[in-house]
Amino acid sequence: MAASTAVKDFTYSWEGVDRKGTRIKGTTDGPSESYIKIQLRKQGINPIRVSKQSALFRKRKKSIKPQDVAIFSRQLATMMAAGVPLVQALEIVGRGHANPSMGEMILGIKSSIEGGSSLAESLGQYPRHFDDLFVNLVDAGERSGALETLLDKIATYKEKTESLKKKVKKALTYPAAVLAVAFIVTGILLYFVIPQFASLFQGFGADLPGFTKAIISLSNYVQHRGIFIVGAIIAGFFALRELHIRSPQFRRLVDRVMLKIPVIGDIMYKSAVARFARTLSTMFSAGVPLVEAMESVAKAAGNIIFTEAIMQMRDQVATGTQLQLSMQQTALFPPMAVQMVAIGEESGSLDHMCAKVADFYEEEVDVMVDNLTSLLEPMIMVILGGLVGSLVVAMYLPIFKLGQAI
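Just so you know, we're using the numbering used here here: the sequence shown kicks off at -5 and counts up by one.
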């Protein structure tokens, strides 16, 4: 089936009246004026004026990041645990949030609740920021009358998962940054510096060393074809990113390769195990049935290899297979995790044992990322020193040769 074309959003300024009769105004992103009016009415706001902002005068809105959602979860959990009513807590958090976009969304959730919607239904209006797992946990808390407890579990879950994502991102971006710096420095030397030496050597009238000739030839190539090289790299990057978004087969290949890269692969593997255990622990402790929880666990795995394995495990568990046996059959999970899950199933404390597994592997990822950083620091010096040193030696070889001749 063909992918649907993305609809471009615009920023609209609006004025309206809420259910208390208070005149309020703000800005909201959306594809059309009618869409904005529908969203405002869902939030209990009667729109009076809606107009699209000019691109020339439009202020760039600060985007809502996952960390904002994690902070919101903790703030709401803390305030409700202190006895603050839900609507009042949302009002306080929304008005005082450092990110105006996040504050606007929280106040929209509050207005929706005042209109008779549940918290889960109100959060579901913003699927970009509150996924099915988040909404399902809130819904379970509202149904069981333990919303405060579930919000605390959600806050802990979001904090742990965002911390883990940051560590993995750090492990991936650090080597990429090293390669980018090496590429840029080499390109600058080849494009600007080497040609100056080449002009100088032309006046010698002597035969140049082979290594120097090779570097000058490379410099000439970069000067004449550099723009095409840079364009090809940029085009290739965006093409691969688009292919990664649209092709499950390509994502599967990339994720499989990532798991096999030395050091980086171990970090990716252990982070996926930690996410599996953390999500399962949170869902199971909220009273969500195991089979139903497995689908949310699969979506949160962060690696398509693990996602497919977990969905396979869900089908097996649905037919009566124990979770530990389905984990063994995938040959994907480490023996320690399988044994801990087995103990949890036998003792009736699966959520507790999964939390222990998550804690262990999150700590492992933390240590490995720190070790990777320490390992790469001398490698940076070796790579940059080797590249720059090679270019310098190539340019000074003719000068040394001339000095020997004199």
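Cβ coordinates follow ideal geometry from the N, Cα and C atoms, glycine included.
Excluding five sequence positions before and after LYS164, the CB atoms of its chain that fall closer than 7 Å to its own CB belong to VAL363, given in chain order.
Listed as beta-bridge partners of TYR6 by DSSP are THR22 and LYS46. With fewer than 16 other CB atoms across the displayed protein chains lying within 10 angstroms of its CB, THR16 is exposed.
Sequence-distant Cβ neighbours of VAL267 in its own chain, meaning closer than 7 Å and more than five residues away, are PHE327, PRO328, ALA331 and TYR355.
Comparing C-alpha distances from PRO256 to each of ILE228, LEU166, ASP353 and VAL386 shows the shortest one belongs to LEU166.
Buried is the label assigned to SER265, since at least 16 other Cβ atoms lie within 10 Å of its Cβ. For LEU145, the uninterrupted alpha helix (DSSP H) segment begins and ends at 141 to 182. According to the DSSP secondary-structure assignment, PRO41 is paired through a beta bridge with GLY10. Inter-residue distance for LEU381 and PHE278 is about 53 Å (C-alpha atoms, whole angstroms).
Bounds of any alpha helix (DSSP H) do not take in GLN119, whose DSSP letter is neither H nor E. For ILE58, there is no enclosing alpha helix (DSSP H), since its DSSP letter is neither H nor E. Ranked by Cα distance from ILE148, the first of VAL162, GLN69 and SER105 is GLN69.
Excluding its 5 nearest sequence neighbours in each direction, SER7 has C-beta neighbours in its own chain below 6 Å: THR21, SER45 and GLN47, listed in chain order.
As computed with DSSP, ARG17 is found in a beta bridge with VAL11. With respect to the 8 Å criterion, LEU127 and SER275 are not classified as neighbours on the basis of their beta carbons. Contiguous beta strand (DSSP E) elements confined to the region 189 to 228 do not occur, taking only those with 3 or more residues. DSSP, reduced to helix, strand and coil, places VAL282 outside both helices and strands of the structure shown, so it counts as coil.
The three-state secondary structure of PRO328, taken from DSSP, is coil. Taking C-beta atoms as the reference points, ILE178 and ALA192 fail to come closer than 8 Å.
Positions of the alpha helix (DSSP H) runs, each at least 4 residues long and wholly inside the region 305 to 383, are given as 317 to 324 and 329 to 341 in order along the chain. Take GLN61, set aside five residues on each side of it, and the residues of its chain with a beta-carbon closer than 7 Å to its own are GLU156, in chain order. In this structure LEU344 is in contact with VAL335, their Cβ atoms being roughly 7 Å apart against a cut-off of 8 Å. In the displayed model, GLY135 falls within a helix according to three-state DSSP. Residue state for ASP260 is assigned as helix, using DSSP reduced to three classes. Pairing VAL224 with TYR185 gives a Cβ-Cβ distance that is not under 8 Å. Following the DSSP letters along the chain, one finds ALA295 in no alpha helix (DSSP H), marked with neither H nor E. LEU173 is not a Cβ neighbour of LEU385, given a cutoff of 8 Å. Of the candidates ARG43, GLY139 and GLN37, the residue whose Cα lies closest to the Cα of MET99 is GLN37.
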